[in-house]
Structure formats: structure tokens, C-alpha cells
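Taken in sequence, the protein lines are chains A and B.
In terms of the working numbering, the first sequence has 787 at position 188, counting the first letter as 1, and numbering is strictly consecutive.
In terms of the working numbering, the second sequence has 196 at position 78, counting the first letter as 1, and numbering is strictly consecutive.
From the three backbone atoms N, C-alpha and C, an ideal C-beta is built for every residue, glycine too.
For reference, the structure is listed below as C-alpha cells.
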Amino acid sequence: MAPERMDYYALLGVLRDASQEDIKHAYYEAAQRLHPDKNQTAGETELFLEVQRAYEVLYNPKRRAQYDATLPKEETPLLFIKDKVEYSRPNLVHLDEPQLIYVLLEMSPRNVDEKIPAPPLNLCLVLDRSTSMQGEKMDIVKAAASQLMRTMRSQDIFSVVSFSDRAEVIIPAAFQADRTKLQGRIQMIQTGGATEIYQGLEAGMQEIRRNLHSQRVSHLILLTDGQTYGDEQACLQLAEEAGRQKIGISGLGIGNDWNDIFLDALTSRTGNNSAYISNPQDIKKLLMDKFNSITNTLAEDMLLEFKLNEGIDLNYAFRLQPEGGPVALESPMHLGPILQDTPLTVIFEFVVQPSAAKSNQANLLDGSLKMAIAARPTPAPPLRIRFEQSVSDTPGDVPPPLSIVRALSRLTLYRMQEKAREEAQAGHYESATRHLKNLAQHLLAQGEKDLAKTALLEANHLERMQSLSENGGKEIKYGTRALLLSAAEVSK
Amino acid sequence: MIVCTNCKHINMDGAMFCSECGAQLTGSDILTTQNMSIDSIEESAKQASSSPKPTPAVALNTWITLHLMDTGQMLPVSDRSEFTLGRISEGQPIMPDIDLSPYQAYANGVSRLHAVVKQTASRIWIMDLGSANGTYINGKRLNPNIEHTLNNGDIIALGKLKIQVLLKTS
């Protein structure tokens, strides 16, 4: 095998036309991460030296020019991934009022037939063992954790942490050989105490950090059934750190009492999502689904660094696939992973202000997409992302692409429930009820009878009690979210 | 701008679905709708709404009324001179006399057995029962297991759940 040449730009994770300032910034960031005083995993010191060499060449304009001359003219296409961008309208219009445009970004494996070996995992299960988990729930969680452990392959690193108002490491992170013994340890977990998610997250992150490695997919799965008090901010900070270190965090919420908005905020900081388990019997299935999608990872959390142009607002972003979930809007955006068999699809809603629609071309977003392909030892170069659309005097008569219509028809429903819940929270019961009723109507029209019924019952509950029932609110939220996923699959 | 034909809501140009009622504004008719009977759904909704509203029974010997400040509901208390406040959840050995779970007790951090209120000959007092998130009178946190006198109009907070105490002035 010919030695793969190190691409200096890819090493630093910058585009070919990056400014000196960008290069310096990228270098500082990489150096902080990889410095021999801090790095723990094998090979990082070598990588650090390479990064240093890349910086020395690129930061010196003369040497950079010499180096650039040796590069092939065009930016080489990405090896494993292809991207596709669709717009809801063929062109924007010169208008003196704001207008909307939707953009659908899809990143998919370049060659579906070519099987890339599944990367080894570094997985930590963080289990809530507070008093409320007592009984059936805990028994099922234990059984599910044991089953998951049996499914692990010999190259996977696995750990288990349990927590209530403090955390215990049940199984420290390592290659696990004696699984029968470990199963016994899981069985020994006792319920009791309050729920403090920070404690569990902290301990789980520590276990994962022992084995951080760029060719290992690191992931933490949090299973909880309760709300945490007072430590939300600390949890979110921890998740942000996890996002920087490429540690994924997923949440599985059991029953009605956990805080879905918090868990979404937490997991979206690493490009992942939360799932709702209404019936404890489903714990096993959802946990295995989660595990399968993690083993299937082609590229971990795709990071979109971007800047919006003058007069452009990014209103909303939502990941339709592989796992539906809201995407936080600040740069860098954690878009989520690409799986070997499922593309990453994200839909964006932009508001174009009149000032941006004056010329013949509107530039919506400029950015670069950074990725880490688990199966590849060398860093992949970032991909330039540019959303732009021409502006003319009349609206084009080309109908919007089917994929966008489908996605939006479902996203509209999801956003209606979001709106209704916000309004109910703020005490605007009348409009919340109205929105729920509208939602029920549309669900019915789309053939979602059960969900429509739930929405209607919830509207009634709201009128009577002036609050949403805990389970109804979650059922509608995760129900409409599941619809989005099916919409994305149909359009394939 | 686009005016929704269904609900007259004004949407921004380029919108494809009405942000108010969810009706499709533009584009193709690729989305098919299905006809189905909504009788069954309305039926079950009716059943649900016919269950009685939690209307408090008005009794003459009410000595204290709890005014839930977030929702504006009033809970008059009579019959007994001592009651515990908390929320009922599964598998709990001791039940509180007044269950606050319909008023977002969980989200506000009310413990299962949070506090006790008692009427004596000379005064009315409240005592925190060692709750996780504390009991407050007018913003001041109480030491647990110590009686604190309540006055008419005091605002107590169980965790974050605010309740105004209205005493019958005699």
C-alpha cells in the first residue's frame, strides 16, 4: 500500500483558502487537544508533530505557496461521503418584505456496496438507579444491560455506571472478557436515592475518557426516568465538552417524569437525540437499536462551522435522519452522525431580509463541514458548504422538490406541538388548545389515527386542567418526530 | 406574503405550510388525504371530558384556603385541623393528605411528603418535613422539622410551587 500523503489542510481541518488567522486558530485548537502533556492515547504525539509541521508550512506564506503548488488542482472529492443540497424554491424574489426558503442537506455514503469495517466502540451505559426506578423498570434495565454486554464484540470497550444522587462505577472501562461475572455485578445494582444526572454523566465521561481514540467511536447512553434539579447547567457544560471531544451522548427517557426538553438540549450538543420509552418493555429494543446504530457509524458527529451573511436569519434546523432531533443553531452546529446504511439529512429554514435580496444572488450560508471518519486513520479534509440561490423579479414556477414537501408536511406538525407546548407553559391555554386541535386534524388527514386521538384528548385536558398531561405531551412530541423519520425514509 | 386560505393567517413569502393551522399553502398536490370517520375519536374525547372537573366543595368551616399562584386555582381545606402536603406517586408507603401532583408538583420539585400545616388554638403553623427542595415562607427558607407560624396572605413555596395562604380571619 502506498503511504497516504498527509494533507496539511486536512490535518488542521481548514479549507484550502483559509486565512492566516484561521490556520493559526485551528493550530492552537489542535495543539491544545493533542499536546504531549495532555494526550493519553497512543499515536497522538505523532499526530501532534504532524500538526506542528503542517502549521509551520501553512503559516509561512512562501512555504504555503510552494506546498500548494504540489497539490492537485482541484480539491479531491471525499472518499466515503457525497453531499446533496436541495432548495424549496428555484429562486428568491426581489421583495421589500422578509421571505422564507428551506434547504435540505443530505450527506450519504458514497458507495453503499462497499462495506467499511465497523469501528470498535468505547461505550458507557449510565443507569439511573433512583428510588423511582424500583421494581419492573430496574429489572428490565438490568436485563437489557446484560443483553447489550453479551452483544459486544471482543474489540469493544465497555463500562457501566449507575447513579442516584451520587455515582458508582459498576464496571470500569476495559475490554471485557469475563462477562458472566460482570452480569452478576449489574444484577447487584440497588435502587434508592434521588436523581442527579450530573453525577452519572461525570462518572460516565471519566470512564470513556480513559480510552479516547480517534478510531474508536465513543458514546455514552443515559437511561433515566426522572428530572434532575439544579445541575442542569453543569450537565450542559459537560455535554458541550463531550461534543468537542467527539463523545456522543444519547438519552433514553423512561416513563413520564423526565424532562425531555433538557435531555434534548443535552444530547443535541453532541449531535444526538433523546428517545421516549412509554412502556418499560420497550427498553431492551430501544437500547439495542441505539447500539446497532452506533456500531453502524460511518462518520461521527458532523460539525458545521458557518457564518450567516448580512440579512439572513437561520430560523430552525432539524435532523430528519438517521435519528430525528432538533439541531442547536449556533456555530459550530452538531448535525449528527452518518451511518453506513442511513444518510444524514438536515432541513434548514432561512429568513431572507429585504436587504439580502437586492442583488441577483443571495448567499445564505458559508461554512465548512468537519468530519471524522472512524474507519480512517488520517483526518478527512473539511467539506465546503455553501447555500446560495439566485434572486429574480418573479417567482419561479418549478414546484418544490418532493423530498422537501414531504419533510415539511411532517415538520409542520412537529412544530405545531412544539408551539402548543410552549404556549401551554406560558399560560396561553386558548391558543395552545387551538393548535393542538389543528394538529389533531392534520394527523387524522395523514391517517395517524392514534396520534390524532392523543392530541385531541390532550386539547381537552388542557381546557379542563390548564396543563398538558406529562405522558400526552411526550407521546405527541415523539410521535410526530417518528413521523418525520418515516417521511425521510419514504422519500428514499 | 401569503394569506392562508384556511385560517387567514399571514405567512411569509416562500412558506409552504401555514405556521398557524398547518394547512399546505403552495405547491403540488402530492400529499393525499384520507377520509375516515371521526365519530369514534369524538366519542372518546367526549368521554374523557365528561369526567368531573375538580371543583372544590365549598364548606362553611373552611379555615384555610390554598391559592395556587401559577394556575390561579383555590383549594379550600376544612374538616381536619392538620394536613400534609406532597404528591402521590407509585409505590409510596405514606400518602400526603393533599396531593399536589395535578398542579405540576413534580416539575416544581415538590417532595412526596413535603410539609405539614396545623391549626392550634393560638396559631396556624407549617413545618417542613425534610423535603429535598425546601419550604419557603415569603422567600425565606425554613429549617426542617421546626414549626413556623403562618399569617394570612403569606406566600409559601414548596420547592418552586408557590402557594398563597388565605386564612379565615375570625
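Drop a sphere of 10 angstroms on the beta-carbon of A/Asp616, count the other beta-carbons inside from all chains shown, and report buried for 16 or more, exposed for fewer.
-> exposed
Cβ neighbours of A/Glu684 in the same chain (closer than 6 Å, five flanking residues each side left out) = According to the sequence shown, residue 684 of chain A is Val rather than Glu. Shown here for A/Val684: same chain residues with a beta carbon closer than 6 Å to its own, the five before and five after excluded, namely Leu704 in chain order.
At a Cβ threshold of 7 Å, is B/Thr253 touching chain A?
-> no
Give, in chain order, every unbroken run of the beta strand (DSSP E) that is at least 3 residues long and sits entirely within the segment 799 to 826 of chain A.
-> 816 to 823
Unbroken stretches of the alpha helix (DSSP H), 4 residues or longer, contained in the segment 652 to 702 of chain A = 660 to 669
Which ranges would you report for the beta strand (DSSP E) in the segment 913 to 994 of chain A if only whole runs of at least 3 residues count?
-> 932 to 938, 943 to 951, 960 to 969 and 982 to 991
Tell me, please, whether the CB atom of B/Phe135 is closer than 7 Å to any CB atom in chain A?
-> At least one CB atom of chain A sits nearer than 7 Å to the CB of B/Phe135.
Looking at chain A, which residues of the segment 244 to 278 of chain B have a Cβ within less than 9 Å of any of its Cβ atoms?
-> Ala250, Asn251 and Gly277
So is B/Cys139 in contact with chain A if we call contact Cβ pairs under 7 Å?
-> yes
Distance between A/Leu1050 and A/Ala1039 (C-alpha atoms, nearest Å) = 8 Å
Alpha carbon to alpha carbon, how far is A/Leu670 from A/Leu851? Give it in angstroms, no decimals.
-> Distance between the alpha carbons of A/Leu851 and A/Leu670: 47 Å.
Would you mind reading off the limits of the alpha helix (DSSP H) that contains A/Ser1068?
-> Unbroken run through A/Ser1068: none, as it is neither H nor E.
Tell me where the alpha helix (DSSP H) around A/Tyr607 begins and ends.
-> Tyr607 to Leu611
Go ahead and label A/Tyr608 buried or exposed: buried means 16 or more other beta carbons lie within 10 angstroms of its beta carbon, across all protein chains shown.
-> buried
Under the three-state reduction of DSSP, which class applies to B/Tyr254: helix, strand or coil?
-> strand
Residue-chain proximity (A/Leu837, chain B), Cβ-Cβ < 7 Å | no
Simplified DSSP state of B/Asp246, which is helix, strand or coil = strand
Pick helix, strand or coil for B/Cys122, following the three-state DSSP scheme.
-> coil
Measure the CB-CB distance between B/Tyr224 and A/Asp856 and report whether it falls below 7 Å.
-> yes
By DSSP, does B/Asp217 sit in helix, in strand, or in coil?
-> DSSP, read as helix, strand or coil, puts B/Asp217 in strand.
What does a CB cutoff of less than 8 Å around A/Ser1173 pick up in its chain, not counting 5 residues either side in sequence?
-> With chain A represented from 600 up to 1091, any question about residue 1173 of chain A goes unanswered, as that position is not in the structure.
Euclidean distance between Cα positions of A/Lys1076 and A/Leu646 = Approximately 44 Å, taken between the alpha carbons.
Span of the alpha helix (DSSP H) holding A/Met737?
-> Glu735 to Thr750
Within chain B, the residues that A/Pro689 reaches when beta carbons sit closer than 7 Å = For A/Pro689, there are no C-beta contacts with chain B under 7 Å, since the nearest C-beta of that chain is about 11 Å from it.
Can you tell me whether DSSP reads B/Asp147 as helix, strand or coil?
-> Reliability fails at B/Asp147, whose pLDDT of 48 lies under 50, so the model's placement of it is uncertain and the value that follows must be treated cautiously. B/Asp147: coil per DSSP, three-state reduction.
Along chain A, in chain order, which residues have C-beta atoms closer than 8 Å to that of B/Thr291?
-> Because chain B here runs from 119 to 288, residue 291 of chain B falls outside it and cannot be looked at.
Cα-Cα separation between B/Ile274 and A/Tyr701, rounded to whole angstroms | Distance between the alpha carbons of B/Ile274 and A/Tyr701: 49 Å.
Could you tell me whether the segment 1061 to 1068 of chain A touches the segment 991 to 1002 of chain A, where touching means 3 or more Cβ pairs closer than 8 Å?
-> no
Close beta carbons around A/Ala898, own chain, < 6 Å, minus the five adjacent residues each side | Ile937, Met970 and Ile972
Would B/Asp131 count as contacting chain A if we go by Cβ distances under 7 Å?
-> yes
Indicate the three-state DSSP secondary structure (helix, strand or coil) for A/Pro879 in the structure shown.
-> helix
What are the boundary residues of the beta strand (DSSP E) that includes A/Phe762?
-> That run of the beta strand (DSSP E) goes Ile756 to Phe762.
Compare the C-beta of B/Gly227 against all C-beta atoms of chain A and say whether one is closer than 7 Å.
-> Taking Cβ atoms only, chain A reaches closer than 7 Å to B/Gly227, which makes this a yes.
Whole-angstrom distance between A/Lys1036 and A/Lys1048, CA atom to CA atom | Straight-line Cα distance between these residues: approximately 13 Å.
Going by beta carbon distance, what residues of the same chain come within less than 8 Å of A/Gln789, once the five residues before and after it are set aside?
-> Excluding sequence positions up to five before and after A/Gln789, its CB lies within less than 8 Å of the CB of Arg728, all in the same chain and listed in chain order.
Using a Cβ cut-off of 7 Å, pull out every chain A residue sitting near B/Pro220, in sequence order please.
-> Met1064
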